[in-house]
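Asks: Each residue of the sequence shown is one higher than the one before, starting from 89 at the first, in our numbering.
C-beta atoms are modelled at their ideal positions from N, C-alpha and C, and glycine is treated no differently.
In this text, all values refer to a predicted model and were calculated from it rather than measured experimentally.
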Amino acid sequence: MENNLDYGGSEWVPEAPSGEPERQYYFMDRVRELVERKKREGYGASCLVNVIGCQMSAKDAEKLRGILKGCGYREAESEDDADVILFTTCTVRENANQKLYGRIGRLKHQCERRKGMILGITGCMMQEKDEVETIRKRYPYVKLIFGTHNVYKLAELLYRTLRRDERTVEIIDDTSLIVENLPSLRKTGFRASVNISYGCNNFCTYCIVPYVRGREKSRSSEEILRECRDLVRDGVKEIMLLGQNVNSYGLDREELRFPELLRRVSEIPGLRRIRFMTPNPKDFSEELIDLIGERENICRHIHLPLQSGSTEVLRRMNRHYTKESYLALVRRIRKKLPDVSLTTDIIVGFPGESERDFQDTMDVVRRVGFDSAFTFVYSKRSGTPAAKWEGVSEELVKDRFHRLLDAVRESSSENEGRDIGKVMEVLVEERDREKPGFLTGRLSNNILVHFRGGERLIGELVSVELLESRGFYYMGRLL
Ligand code: 5AD
Ligand code: SF4
89 MENNLDYGGS EWVPEAPSGE PERQYYFMDR VRELVERKKR EGYGASCLVN
139 VIGCQMSAKD AEKLRGILKG CGYREAESED DADVILFTTC TVRENANQKL
189 YGRIGRLKHQ CERRKGMILG ITGCMMQEKD EVETIRKRYP YVKLIFGTHN
239 VYKLAELLYR TLRRDERTVE IIDDTSLIVE NLPSLRKTGF RASVNISYGC
289 NNFCTYCIVP YVRGREKSRS SEEILRECRD LVRDGVKEIM LLGQNVNSYG
339 LDREELRFPE LLRRVSEIPG LRRIRFMTPN PKDFSEELID LIGERENICR
389 HIHLPLQSGS TEVLRRMNRH YTKESYLALV RRIRKKLPDV SLTTDIIVGF
439 PGESERDFQD TMDVVRRVGF DSAFTFVYSK RSGTPAAKWE GVSEELVKDR
489 FHRLLDAVRE SSSENEGRDI GKVMEVLVEE RDREKPGFLT GRLSNNILVH
539 FRGGERLIGE LVSVELLESR GFYYMGRLL
């Protein structure tokens, strides 16, 4: 562990094991004892973990929930009913930070009134020193602050906070440690995500992730495969493999390469669907395209972040591909996988983006025909190279953003309804939130389908005839 920034000071607990994960299981037992004692005095021992951010952040929340359960906490019905509230945070854009401040501001009253209440914050935003300082100064009722590298340590940190009844702050700059075999608690039984690597080595010039998640570290393929097999045994039908750049899996250690890992995961008997997030266009290999074509349970959806369609902007973003090579990759994918849906991320208003650069982005959007695109206004992240470069005026950015949205809508509408009349396999996810008696499910290509059906089908794969397209989704009939 390098540069361990520990404001609270570690409490020396002589009998605690020094190895992991044994040490954390030891602290789970200690917290459980404390909680049991407090329960007799009327403590509710209920907890809630809130997620701000991406799937990585959601995955961290599952780990936190698992540890809290191991510590004797139950899930709270609502925020008002919780004795421990944790947030996994995001800092990829400024508005994610603002969101957190809004949420914790509203909890001030509850923290001050509820006896023994612990509000804790972890995640990417806590890897930024300025944000930690702001919370330390302005939000004295936040009792627990830790970062992305010590999520596994929640039991130990919670023990320290409960014992001393004072604030605990522990942030680690980076680590090469991966702690396996800690509990995790999923919200849905039939879908799960599995980390394959942590951190990122790409250093795109706009992006804070390498600074807050650290250098890329691949998990051992054996551990990944074991976790996937256990999940399938548990009834999981769909697994999402998670990494900041899945294609570079294994390059940092003696390991399989990503296509081989994906093949082995896809060969697990009973695993019906596999997704992965996020590939980088710069190293999306032919082997990977062929594998997706070969294995029916690898989903027909590729999220391929474009960021910009201008070769010059891509160069300054340090993306290592060009407009032409991106378009060539899309052509190769479409040729071998005609039924695949493509989605993307695009940033508007990167420093120095000219109208011509922007037109290149519009051109790629029109030529590719993405099924959907997440469009973002560039957000300056301090500490990244691009933060020092002169920005594009707000007025221009706004105008481009709206033009881009229109282009995305137009090009995705060209694909709408292309599967009408077909019978396709749907994984049923939940009750339709708007239409009683209806269910919502997802096709392999990630498009949603609504159809009439009973709740007992949730978590099942069913055949549905696609009757009508309503833009982003289909209406269908269960067969
Ligand atoms: N400003 C705007 N969008 C960003 N993203 C990452 N960093 C920034 C930033 N500084 C977007 C990228 C990435 C997605 C997860 O967030 O498009 O793919
Ligand atoms: Fe996810 Fe990046 Fe946000 Fe962290 S900063 S939660 S890795 S999007």
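By how many angstroms is the C-alpha of K523 removed from the C-alpha of V516?
Replies: Counting from one through the sequence shown, the residue named residue 516 turns up at place 428. Counting from one through the sequence shown, the residue named residue 523 turns up at place 435. Rounded to whole angstroms, V516 to K523 spans 15 Å at the Cα level.
Asks: What residues are listed by DSSP as bridge partners for R162?
Replies: What you label residue 162 is simply residue 74 of the sequence shown in a count that begins at 1. DSSP, once it has assigned bridges, lists S134 as partnering R162.
Asks: Which complete beta strand (DSSP E) runs does the region 416 to 453 hold, if anything under 3 residues is left out?
Replies: Taking only runs of at least 3 residues, the beta strand (DSSP E) segments lying wholly in the region 416 to 453 are 429 to 436.
Asks: Can you tell me the Cα-Cα spacing of G529 and R224, whole angstroms?
Replies: Reading the sequence shown from its first residue, position 441 is the one you call residue 529. Reading the sequence shown from its first residue, position 136 is the one you call residue 224. Between G529 and R224, the C-alpha separation is close to 43 Å.
Asks: Taking the continuous alpha helix (DSSP H) assigned at E375, which residues delimit it?
Replies: If you number the sequence shown from 1, residue 375 lands on position 287. Taken as a continuous stretch (DSSP letters only), the alpha helix (DSSP H) holding E375 covers 374 to 382.
Asks: Apart from the five residues just before and just after D371, which ones in its own chain have a Cβ nearer than 7 Å to its Cβ?
Replies: As a working note, residue 371 is residue 283 in the sequence shown. The residues are N335, S336.
Asks: Using the C-alpha atoms, what's the distance from K510 back to R303?
Replies: Residue mapping note: residue 303 aligns to position 215 of the sequence shown, counting from 1. Residue mapping note: residue 510 aligns to position 422 of the sequence shown, counting from 1. Each residue's Cα considered, the two are about 45 Å apart.
Asks: Where does T432 land, buried or exposed, given buried means 16+ other C-beta within 10 angstroms?
Replies: Looking up residue 432 in the sequence shown gives position 344. It is buried - the Cβ of T432 has at least 16 other Cβ atoms within 10 Å.
Asks: Around the Cβ of Q186, are there at least 16 other Cβ atoms within 10 angstroms (buried) or fewer (exposed)?
Replies: Sequence index remark: in the sequence shown, residue 186 carries index 98 (1-based). Classification for Q186: exposed.
Asks: Using only alpha-carbon positions, find the residue among P367, E502, E441, E556 that is nearest to I508.
Replies: In the sequence shown, the residue the question calls residue 508 occupies position 420. The option with the nearest alpha carbon to I508 is E556.
Asks: Is I296 near the ligand SF4, in the sense that its beta carbon is under 7 Å from a heavy atom of that ligand?
Replies: Residue 296 sits at position 208 when you count from the first residue of the sequence shown. For the ligand SF4, at least one heavy atom lies less than 7 Å from the Cβ of I296.
Asks: Q332 by DSSP, collapsed to three states: which one?
Replies: Within the sequence shown, numbered from 1, the residue matching residue 332 stands at position 244. Correct three-state label for Q332: coil.
Asks: Checking 8 Å against the spacing of the C-beta atoms, do P473 and T293 come in under that value?
Replies: Position 385 of the sequence shown, counted from the first residue, corresponds to residue 473. Position 205 of the sequence shown, counted from the first residue, corresponds to residue 293. Yes. Within cutoff.
Asks: Over the uninterrupted alpha helix (DSSP H) stretch that includes V496, give me the two end residues.
Replies: One-based indexing of the sequence shown puts residue 496 at position 408. V496 -> alpha helix (DSSP H) spans 482 to 503.
Asks: Could you compute how far the alpha carbon of V453 sits from the alpha carbon of C295?
Replies: Along the sequence shown, one-based indexing puts residue 453 at 365. Along the sequence shown, one-based indexing puts residue 295 at 207. Cα-Cα distance, rounded: 22 Å.
Asks: From the DSSP output, in three-state form, read off A461 for me.
Replies: For the purposes of this step, residue 461 is identified with residue 373 of the sequence shown, where counting begins at 1. Note: A461 maps to strand in three-state DSSP.
Asks: Ordered along the chain, which non-local residues of its own chain (more than five positions away) have a Cβ less than 6 Å from that of S86?
Replies: The structure shown does not extend to residue 86, since the chain is modelled only from 89 through 567, so no value can be given for it.
Asks: Sort M116, R321, P271, R341 by Cα distance to E150 and report the nearest one.
Replies: Residue numbering aside, residue 150 sits at position 62 when the sequence shown is read from its first letter. Checked all of M116, R321, P271, R341; the closest Cα to E150 is P271.
Asks: Could you tell me the distance, in whole angstroms, from the CA atom of I356 to the CA atom of L415?
Replies: By 1-based counting over the sequence shown, the position of residue 356 is 268. By 1-based counting over the sequence shown, the position of residue 415 is 327. Looking at the two C-alpha atoms, the distance is approximately 33 Å.
Asks: Should I266 and L330 be called a contact, given that it needs their Cβ atoms to be closer than 8 Å?
Replies: The count along the sequence shown starts at 1 and reaches residue 266 at position 178. The count along the sequence shown starts at 1 and reaches residue 330 at position 242. Taking 8 Å as the Cβ cut-off, I266 and L330 do not qualify as a contacting pair.
Asks: What are the residues that DSSP puts in a beta bridge with E172?
Replies: Residue 172 sits at position 84 when you count from the first residue of the sequence shown. Note that residue 172 is Val in the sequence shown here, rather than Glu. Paired residues: C135, I206.
Asks: Which of the three DSSP states, helix, strand or coil, is assigned to K476?
Replies: Taking the first residue of the sequence shown as 1, we reach residue 476 at position 388. Here K476 sits in helix by DSSP.
Asks: For D451, which residues from the same chain have a beta carbon less than 7 Å from its beta carbon, with the 5 sequence-adjacent residues on both sides left out?
Replies: Working through the sequence shown from its first residue, we reach residue 451 at position 363. Closer than 7 Å at the Cβ level, and outside the excluded window around D451, lie G397.
Asks: Between the beta-carbon of C142 and the beta-carbon of Y161, is there less than 8 Å?
Replies: Counting from one through the sequence shown, the residue named residue 142 turns up at place 54. Counting from one through the sequence shown, the residue named residue 161 turns up at place 73. Result no, Cβ atoms of C142 and Y161 do not sit closer than 8 Å.
Asks: Along the chain, where does the beta strand (DSSP E) that runs through E283 open and close?
Replies: Taking the first residue of the sequence shown as position 1, residue 283 is located at position 195. According to the sequence displayed, residue 283 carries Asn and not Glu. Segment 279 to 283, the beta strand (DSSP E) holding N283.
Asks: Return the chain-ordered ranges of every alpha helix (DSSP H) run that is complete within the region 208 to 257 and spans a minimum of 4 residues.
Replies: DSSP runs (the alpha helix (DSSP H)) wholly in the region 208 to 257: 217 to 226, 242 to 252.
Asks: Based on the DSSP output, what are the partners of Q395 in its beta bridges?
Replies: The residue given as residue 395 occupies position 307 in the sequence shown. I434, per the DSSP bridge assignment.
Asks: Please determine if the region 229 to 240 and the region 251 to 266 are in contact, where contact requires at least 3 C-beta pairs separated by less than 8 Å.
Replies: Yes, the region 229 to 240 touches the region 251 to 266.
Asks: According to DSSP, which residues form a beta bridge with L554?
Replies: Locating residue 554 in the sequence shown gives position 466, counting from the first residue. DSSP lists G564 as partners of L554.
Asks: Given that a residue counts as buried once 16 or more other Cβ atoms are within 10 Å of its Cβ, and exposed if not, what is G559?
Replies: The residue labelled residue 559 in the question sits at position 471 within the sequence shown. Exposed, by the Cβ-count rule.
Asks: Beta-carbon within less than 7 Å of L195's beta-carbon, same chain only, minus the 5 sequence neighbours each way: which residues are those?
Replies: As a first step, residue 195 must be located in the sequence shown, where it is residue number 107. Excluding sequence neighbours, L195 sits near I173, L207.
Asks: Along the chain, where does the beta strand (DSSP E) containing R580 start, and where does it finish?
Replies: The structure shown does not extend to residue 580, since the chain spans only 89 to 567, so no value can be given for it.
Asks: Would you call the region 377 to 384 and the region 420 to 428 in contact, with 3 or more CB pairs under 8 Å?
Replies: Taking 8 Å as the limit for Cβ pairs, the verdict is that the region 420 to 428 does touch the region 377 to 384.
Asks: Report the option in L567, S532, R351 whose CA atom is closest to the CA atom of L545.
Replies: Counting from one through the sequence shown, the residue named residue 545 turns up at place 457. For L545, the nearest C-alpha among the options comes from L567.
Asks: Going by beta-carbon coordinates alone, are V537 and L554 separated by less than 8 Å?
Replies: The residue labelled residue 537 in the question sits at position 449 within the sequence shown. The residue labelled residue 554 in the question sits at position 466 within the sequence shown. Yes.
Asks: Hey, would you say the C-beta of I435 is under 7 Å away from at least one heavy atom of the ligand 5AD?
Replies: Residue numbering aside, residue 435 sits at position 347 when the sequence shown is read from its first letter. Checking every heavy atom of the ligand 5AD against the Cβ of I435, one is found closer than 7 Å.
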